[in-house]
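These notes concern the structure reproduced below.
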Amino acid sequence: MMGGTSGLSDLDEMYEAIILDHYRSPRNSAPLDDPDVDLEVNNPFCGDEFHIQLKVSQGSVSQVGINGRGCAISQASASLLAELVEGKSYADVKAAVDSVRRLLKGEEVTEEEQDILGDIEALGGVRKFPVRIKCALLSWVGLDDALTDHLN
Ligand code: ZN
């Protein structure tokens, strides 16, 4: 088991600071009225549960609302996602989800992708804790599925 109250004490300090900031002050966490996309995701291994809502218009995500509960990693990840995808086109969102998947698998992420991800790179530190990768990916996989459903 990981030590410390946050369970993050073995993370790089800078990464830990980013994750704790998003955990304590989640971005775009207000529920949306009349969302176009509305889904629940959960990770039963950890008890993480999130409600993801999107408003979409003209091929872009115009508004995001993500709220829920879970471990620090899952909550920070959901907040980082909420911050990144607002205003992005579907194609950019899909590309970002793909980058995050590779980041968490330890696969190559180009410099250009790193620029787009910004603080999300902090999630890469989670690779040290394989059991937490599901927590970090939960909202991203959910968003990907939701957008795919919406487009079909
Ligand atoms: Zn978790």
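For the sequence shown, the residue numbers in my numbering are 1002 to 1153.
Beta carbons: idealized from backbone N, C-alpha and C, even for Gly.
Exercise. Based on Cα-Cα distance, which residue from 1117, 1132 and 1109 lies nearest to residue 1097?
Worked result: 1117
For this session: From the DSSP output, in three-state form, read off residue 1089 for me.
Result: coil
Problem set entry | CA-to-CA distance, residue 1084 to residue 1028, given in whole angstroms | 6 Å
Exercise. When you compare only the Cα positions, how much space is there between residue 1131 and residue 1031?
Worked result: 30 Å
Exercise. Alpha carbon to alpha carbon, what distance is there between residue 1153 and residue 1101?
Worked result: 23 Å
For this session: Find the nearest neighbour of residue 1092 within the set 1062, 1019, 1049 and 1135, judged by alpha-carbon distance.
Result: 1062
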